[in-house]
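Let me begin by presenting the structure, written as structure tokens, before commenting on it.
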Amino acid sequence: MSLLRRLLRSTDEFIERARRGPYGESSRMLFRFVNSEDLALWSTFSDAEVGGKSTAALQPAEEPKGTALFTGSYSTEVGEGAHARLRRSGYAGISSAPKDAPMDLEDFDALVFRVRGDGRQYIASIRCENWLVDERSNDVWQAFLFACKGEWSEVEIPLSRFLLTWKGKVVEEVVELNSKRITTLGISLAGGDQLQPQGQYGLGLDWIAARNTRTHDYDAAAAEAAAGASGAEGEAEAAAREEGSGEGGGKGKNNAESTGSAGGSNAAGSGSSGSGGLVM
Numbered sequence: 001m002s003l004l005r006r007l008l009r010s011t012d013e014f015i016e017r018a019r020r021g022p023y024g025e026s027s028r029m030l031f032r033f034v035n036s037e038d039l040a041l042w043s044t045f046s047d048a049e050v051g052g053k054s055t056a057a058l059q060p061a062e063e064p065k066g067t068a069l070f071t072g073s074y075s076t077e078v079g080e081g082a083h084a085r086l087r088r089s090g091y092a093g094i095s096s097a098p099k100d101a102p103m104d105l106e107d108f109d110a111l112v113f114r115v116r117g118d119g120r121q122y123i124a125s126i127r128c129e130n131w132l133v134d135e136r137s138n139d140v141w142q143a144f145l146f147a148c149k150g151e152w153s154e155v156e157i158p159l160s161r162f163l164l165t166w167k168g169k170v171v172e173e174v175v176e177l178n179s180k181r182i183t184t185l186g187i188s189l190a191g192g193d194q195l196q197p198q199g200q201y202g203l204g205l206d207w208i209a210a211r212n213t214r215t216h217d218y219d220a221a222a223a224e225a226a227a228g229a230s231g232a233e234g235e236a237e238a239a240a241r242e243e244g245s246g247e248g249g250g251k252g253k254n255n256a257e258s259t260g261s262a263g264g265s266n267a268a269g270s271g272s273s274g275s276g277g278l279v280m
């Protein structure tokens, strides 16, 4: 019985490896923004929490249905009730809620955001458990999210593009992102007067996925190779048919020439006999 179980387990592992391909899983859907349950997995934040005047909201989009809109107002002004240490403001964003277990994205090397931009600069963020202590910290990995204005597009960001920041400042020390234990993802407006005009903003959200570009490229290459092989096979078959037709036509021509020669000989023979009769 144990041997049978091992055989079954080996078969299942083989099928799983074949399904995933030589480089692992091709992609994994992480978040959708279809309904209220999906949106409840996210929370908003802004400088209004410390006395700023920016706002942030995540709400169902009017069109197309099944998408969401990260929207609000961006301001660098400081309100009257601002924190005593707040000298300037200007940030707003959304963050996914921590799950019961961290997301293991070790097999993937990129995040893909299907979004519709409004001409503003946005930032994608990743939080993960610290390598040294098994808990979240103020360390955040960030990368620019360049969304096409007025158009839906898939924005692929390699994980290698994410830079470690601490309280908004880039950390000079090179630290590897712990992609095996990611706790939250986020999207925010890129702060700073040079990057953002004050006023309303809105980023359309469809989905966020993890992608293994090696497998993705492998699948594309395999499909291209299969299409090329199919085309070559079709060309070979067409050439074979053409060659067969040419040989058949040649044989028909030869038969016709033989028949014509025989007919000509018979006609000549008949003419000779007739001439002999006339002479007589």
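Residue 216 in full-length UniProt numbering sits at position 216 of the sequence shown, with consecutive numbering throughout. Positions of the beta carbon are idealized from the N, C-alpha and C atoms, including for glycine.
- For Leu30, the closest of Thr213, Thr184 and Gly202 by C-alpha to C-alpha distance is Thr184.
- Going by DSSP, Glu37 is part of the alpha helix (DSSP H) stretching over Ser36 to Leu39.
- For the region 151-202, not one full-length alpha helix (DSSP H) segment reaches 4 residues or more.
- The alpha carbon of Ala143 has as its nearest neighbour, out of Val112, Gly119, Lys53 and Glu129, the alpha carbon of Val112.
- Here Gly202 has Leu69, Thr71 and Asp118 as same chain residues with Cβ atoms under 6 Å from its own Cβ, once five neighbours each way along the sequence are excluded.
- Apart from the 5 residues on each side of it in sequence, Glu77 sits with its Cβ closer than 6 Å to the Cβ of Lys53 in its chain, given in chain order.
- The three-state reading of DSSP puts Leu145 in strand, counting E and B together.
- Under DSSP, the beta-bridge partners assigned to Asp139 are Trp166.
- For the pair Ile126 and Trp141, the CB atoms are nearer than the 7 Å cut-off.
- Spanning the alpha carbons of Ser75 and Gly199 requires a straight line of approximately 7 Å.
- Scanning its chain for C-beta atoms nearer than 6 Å, with the 5 sequence neighbours on each side dropped, one finds around Trp42 the residues Leu58, Ile94 and Ser96, in chain order.
- Each residue's CA atom was taken as its position, placing Ser179 and Gly191 some 26 Å apart.
- The DSSP-derived three-state label of Asp118 is coil.
- By the CB criterion at 7 Å, Arg116 and Trp152 fall inside the cutoff.
- In this model, Ser26 and Pro102 are separated by some 20 Å (Cα to Cα).
- At the C-beta level, Thr44 and Ala56 come within 7 Å of one another.
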